[in-house]
Amino acid sequence: MTDVRYGHVWRSIGPSPRPAATADEVPVVIAGAGPVGLAMALDLGRRGHRVVVLTRLDYIAGGSKAICFSKRSLDIMDRLGVGQRMVDKGVTWNVGKVFWKDRPDPVYQFDLLPVKDQRRPAFINLQQYYVEEYLVDALAELPGVEIRWGHEVRGVAAHDGGVSIEVGTAAGSYAIEAGWLIACDGNRSPIRTMLGLDFEGRIFEDNFLIADIRIKEDRPAERWFWFDPPFNPGKSALFHRQPDDVWRLDFQLGWNIDREECLKDANVERYIRAMLGPDVAFEKEWYSVYTFQCRRMARFVHGRVIFAGDSAHLVSPFGARGCNGGFADVDNLGWKLDLVLGGASPDLLESYNDEAIVTADENILNSTRSTDFLTPKSEVSEAFRDAVLGLAAEHAFARPIVNSGRLSTAISYPDSALSTPDEDDWTGGVAPGSPALDAPLGEGWLLGELGDRFVLLQAGGGATAPEGLDTIAIDSAIALARYGLEAGGAYLIRPDHYVAARWRRPDAAKIARALARAQGGDPR
Amino acid sequence: MSLILTPNLVDPDGIYEKLIALHEGRDAADSQRVNARLILTLINHIGDRETILEAIAVAAGGKV
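Sequence order for the protein chains is A and B. Residue numbers in the first sequence follow UniProt numbering, run continuously in steps of one, and reach 524 at the last position. Residue numbers in the second sequence follow UniProt numbering, run continuously in steps of one, and reach 64 at the last position.
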């Protein structure tokens, strides 16, 4: 999204003082205290690193931003220790309904049934400011992490051994010498601009109106999507529940509009009443108009400056692939930068560049396809779209083609340089480069046991793990079936819970080679 | 019924994308022309008369 306005304060914090030292040396500086920057700080801070987060804001911003958090993001947040707070506050939802024109019954309905025998649901809805607040609270427990509120990156000069950063505050500017700079500074990324880096892709000529409102009615926690409804003819609309009786209403507006006029309360309320009825009682939480783009940088790693989240890649909001995509970056980068800070070759970060680009490209592809279905660009495209919707109401075959947003799921890296290709025949299980599946384990959950280090998942004993590699024995029938494991088999799992290698009958040497490869070393 | 009316595409989004891309940059008459060519090609591939007649009936039944 490209028109998030920062004027709205969710939680006031106040500016941090300017540091006393004239020159500050910090191993890692993170620019931006949105969910991606904060989660990045939490990941590295939990691994014991000193991190400084710079944000030009001195408050947690409110307003309508990300609301849908995927199971994969919840798994990541569990690893970072804030998943439970998110789930406790969030609205869990499963059902999505697609409506067309004035038909009272949905032409299509999908059910993201809670995935059985996994800890987390497919999705929760939660306002972004709550996520930021939970992350800020968790960071306060880490003595090595410092958030500097009201400190803006004004200049960046990258060199071989690090990055010189000029920081502006209300009390004057100062310099930081950073080992690494992670730019989580959003879609307009000042750091990307300062470094003169590219940001290529497609701009969609359309505007959407978001109205987050409070309604005191008991309506189901379902995602309702309309194509060409009577209350927004020829365009689309969305209705989705958030915590605190807040609902997200989203109306497609078209391209040639007067944005100021559209944002006036009277105009927005006209849309709300058209959708929900003339007598609906509601309170305004936040209105905004946004446009969107699908684009990304050619590379995310530029020497000692690394881009993550919206600064590196942008998608349309249909599919909830923005913030969830940013969390995937954090998850991928955290353990790799940890190893590099511990002395590993920075070449390992090239795998972040490669894998995060695979993720970004899949998100952009899905988001672009959804957008083209939602807003057909020609008469014939619209005719096909309407034919799909009409057929979907009558015949099952057309329903998978209905595209109101393909919702974010974990993305695999089938060609990752860190993976060891299978040498055995596998008919099921989880292939190298794919995310580990959750399953009950003992009193808890398998993903919870994986933690944030490399782990060998073993069935029924077998090979001895190399020194320093923790082993988890799995015995539950569900876990064994999910991984296609029989006694003696094993999986090597990365700290971000991706499968690095698997064997029917591993030996210690094979495991050691796969571990070296997954850490960016020479697999031979 | 021999006509398949349950989901039968491995990659519906990818195929739909190609279908729409076929029409990119074409005017209405040209789109009609490629649509007709596409349908004729597909019904030849199906071959079976009854199946094609069932598909024609499905197409005619869609009320907007």
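For each residue, glycine too, the CB sits at the ideal point set by N, CA and C.
The beta-carbon of B/V10 is placed no less than 8 Å from the nearest beta-carbon of chain A. Straight-line measurement puts the Cα of A/A509 at about 9 Å from the Cα of A/A465. As computed with DSSP, A/I213 is found in a beta bridge with A/W247 and A/K284.
DSSP links A/I182 through a beta bridge to A/I30 and A/I306.
Using a Cβ distance threshold of 8 Å, A/H497 and A/P435 count as a contacting pair.
Taking a beta-carbon distance threshold of 8 Å, A/S367 does not count as an interface residue toward chain B.
Under a criterion of Cβ atoms nearer than 7 Å, the residues of chain B adjacent to A/F384 are, in order, L19 and I20. The criterion of a C-beta distance shorter than 8 Å is satisfied by A/T55 and A/H151. Put simply, of A/C68, A/L492 and A/M275 the residue whose alpha carbon is nearest the alpha carbon of A/A500 is A/L492. Three or more pairs of CB atoms, one per stretch, sit closer than 8 Å, so the segment 355-374 of chain A contacts the segment 296-307 of chain A. Less than 8 Å divides the Cβ of A/R273 from the Cβ of A/V280. Every alpha helix (DSSP H) of 4 residues or more that sits fully in the segment 24-74 of chain A is shown, in chain order, as 35-46. When rounded, the separation of the alpha-carbon atoms in B/A21 and A/W226 is 24 Å. Chain order gives the chain A residues near B/I4 as F397, where near means a beta carbon separation below 8 Å. Selection A/L263, A/G196 and A/P506 evaluated against A/L209 yields A/L263 as nearest (Cα-Cα).
Three or more pairs of CB atoms, one per stretch, sit closer than 8 Å, so the segment 316-333 of chain A contacts the segment 67-75 of chain A. At a cut-off of 8 Å between beta-carbon atoms, B/D13 makes contact with chain A. Listed as beta-bridge partners of A/P440 by DSSP are A/W445.
The alpha carbon of A/V402 has as its nearest neighbour, out of A/W426, A/S412, A/L418 and A/L374, the alpha carbon of A/L374. Taking 8 Å as the CB threshold, B/A28 lines the interface with chain A. Pairwise C-beta distances place the segment 19-30 of chain A in contact with the segment 164-175 of chain A, as three or more of them are shorter than 8 Å. Here DSSP, grouped into helix, strand and coil, assigns A/G162 to strand.
Comparing alpha-carbon positions, the option among A/V246, A/L142 and A/D228 lying closest to A/G90 turns out to be A/V246. The beta-carbon of B/H23 is placed less than 8 Å from the nearest beta-carbon of chain A. Per the C-alpha coordinates, the member of A/T420, A/R223, A/E141 and A/L253 positioned closest to A/N94 is A/R223. The count of Cβ pairs closer than 8 Å, one atom from the segment 196-214 of chain A and one from the segment 348-357 of chain A, stays below three, leaving the stretches out of contact.
Per DSSP, A/C323 has no beta bridge partner at all.
Between the segment 440-448 of chain A and the segment 469-483 of chain A, the count of Cβ pairs shorter than 8 Å is three or higher; the stretches touch.
Here DSSP, grouped into helix, strand and coil, assigns A/A473 to strand. Under the Cβ distance rule, A/R103 does not count among the residues neighbouring chain B, no pair being separated by less than 8 Å. For A/L456, there is no enclosing alpha helix (DSSP H); the residue is part of the beta strand (DSSP E) that begins and ends at V455 to Q458. Less than 8 Å separates the beta-carbon of A/L57 from that of A/A33. With respect to A/S367, A/G319 sits close: the two C-beta atoms are nearer than 8 Å. A/G448 has its alpha-carbon roughly 38 Å from the corresponding atom of A/P19. For A/I493, the uninterrupted beta strand (DSSP E) segment begins and ends at A490 to I493. Taking C-beta separations shorter than 6 Å and ignoring five residues to either side along the sequence, the partners of A/A221 in its chain run V91, W93 and R241, following chain order.
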